[in-house]
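In my numbering, the protein residues as written are 1193 to 1359. Notes to accompany the following structure.
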């Protein structure tokens, strides 16, 4: 194995065809994570069959890149390491575990819907507060009476108010 001009590891397979691999630093950079996270994913059996070059350095292949994309997607969706481990174990025998796969994904979908609803409520409340305090700011500057929160409590705003502070 040697490194090419891009810094990628080239491995000559038994059939003399070249396949490109990636160093731990390249993959860590690609996914904006520390190398220790990649080692952790290996220890947790989320990344498997990672080869080593003659110097003992890890060599990641496209299959690892694809697996990492899935891991990152599911992590962003809130899956725990245990859920990821179960998912990949189930995935190794999809027909035999299709019900478990669907249950796991449906549970995560429901949890995401719940989080989305909570974020939408928080966003709506934040918009009400922005409008309320923005109107207080305008009233103070114009020497007018201050608005009452009750007028905003159940109001629905679709956009942020235009800032009057010069931003």
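Every residue, glycine too, gets a C-beta built ideally from N, C-alpha and C.
Taking the Cα positions, residue 1328 is about 35 angstroms away from residue 1305. In the structure shown, residue 1354 falls within a coil segment according to DSSP collapsed to helix, strand and coil. Looking at the DSSP output, residue 1244 sits in a beta bridge with 1250. Comparing alpha-carbon positions, the option among 1237, 1303, 1260 lying closest to residue 1221 turns out to be 1260.
With 16 or more other CB atoms across the displayed protein chains lying within 10 angstroms of its CB, residue 1250 is buried.
Where residue 1228 is concerned, there is no enclosing beta strand (DSSP E), although the alpha helix (DSSP H) around it starts and stops at 1227-1235. Between the C-alpha atoms of residue 1235 and residue 1316 there is a straight-line separation of about 42 angstroms. Only residues of its own chain outside the window of five on either side were considered, and among them 1289, 1292, 1293 have a CB closer than 6 angstroms to the CB of residue 1282, listed in chain order.
Take the alpha-carbon of residue 1247 and the one of residue 1215: they are about 12 angstroms apart.
Approximately 7 angstroms separates the beta-carbon atoms of residue 1263 and residue 1233; this is inside 8 angstroms, confirming the contact. The beta-carbon separation of residue 1344 and residue 1309, rounded to 21 angstroms, does not stay under the 8 angstroms limit for a contact.
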